[in-house]
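Asks: Numbering (the UniProt record's numbering), first residue to last: 1 to 136.
Ideal placement from N, C-alpha and C gives every residue a C-beta, glycine not left out.
No experiment lies behind these values; they were computed from the predicted model shown.
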Amino acid sequence: MSENSAQSPRELVEQLYHLLTAPSVDIFVGHLAPDVVFEIPFAVPDLPERMQGREAVREHLATRWSRMHEIQIHGVYPTIHATTDPEVFVVENEIDATRGGERSRNRTSVAVLRIRDGKVVEFRDYMNTARYVRAS
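Next comes the structure, spelled out in structure tokens:
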């Protein structure tokens, strides 16, 4: 769908995770609200724990994703859980990837997303940042 507001909040979450199979920073951040709060609570040193605003997230992802050229992503498999709050979703994400010639499929993160008016307004990613840094 070309218009985010035409999607249900769940469809938007599904699309965000589908986009990770061939990451495009511009397309991904296009689904974020201008004042989005993006948090990585368990960030390692040199990774921000909190970013405020779409442009801050764009800059962060552009830097991180540009270093991921050694990883081949075969599939992204999110399990999306609705909550009692219709804006909030919990996502258990598993990625099938090859890194350093070794293929693995591991649950790599759990995220909590808040969708409002067709955009992501909060994204908390509880990823294993130590593994993420080693991969980049």
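Which parts of the region 98–129 are runs of the beta strand (DSSP E), unbroken and 3 residues or longer, counting only runs that do not cross its ends?
Replies: Qualifying beta strand (DSSP E) stretches, in chain order: 102–116 and 119–127.
Asks: Would you grab the beta carbon distance between Pro45 and Arg124 for me? Rounded to a whole angstrom, and I think it's under 8 Å.
Replies: Position 45 of the sequence shown holds residue 45. Position 124 of the sequence shown holds residue 124. About 19 Å separates the two Cβ atoms, so there is no contact after all.
Asks: Taking buried to mean at least 16 other C-beta atoms within 10 Å of its own C-beta, is Pro78 buried or exposed?
Replies: Locating residue 78 in the sequence shown gives position 78, where the first residue counts as 1. Its Cβ being crowded by 16 or more others within 10 Å, Pro78 is buried.
Asks: Measure how close the beta-carbons of Val120 and Leu61 come, nearest whole angstrom, since I'm counting them as under 8 Å.
Replies: Residue numbering aside, residue 120 sits at position 120 when the sequence shown is read from its first letter. Residue numbering aside, residue 61 sits at position 61 when the sequence shown is read from its first letter. Not really, about 13 Å apart at Cβ, beyond 8 Å.
Asks: Report the rounded CA-to-CA distance for Thr98 versus Asn128, giving the unit in angstroms.
Replies: Counted from its first residue, the sequence shown places residue 98 at position 98. Counted from its first residue, the sequence shown places residue 128 at position 128. Thr98 and Asn128: Cα-Cα distance of roughly 17 Å.
Asks: On the CB-based measure, 16 or more other CB atoms within 10 Å of its CB, does Ile27 come out buried or exposed?
Replies: Start at 1 with the first residue of the sequence shown, and residue 27 comes out as number 27. The residue is exposed, with fewer than 16 neighbouring Cβ atoms inside 10 Å.
Asks: Helix, strand or coil, according to DSSP, for Tyr17 in the structure here?
Replies: Position 17 of the sequence shown, counted from the start, is the residue given in the question as residue 17. In this structure, Tyr17 counts as helix in the three-state DSSP scheme.
Asks: Got a sec? Which residues, its chain only, sit under 6 Å from Ser2 by beta carbon, not counting five neighbours each side?
Replies: For this step, residue 2 is matched to residue 2 along the sequence shown. With a pLDDT of 43 at Ser2, under the threshold of 50, the predicted position of this residue should be treated as unreliable, though the coordinate-derived value follows. Excluding positions up to five away in sequence, the list is empty.
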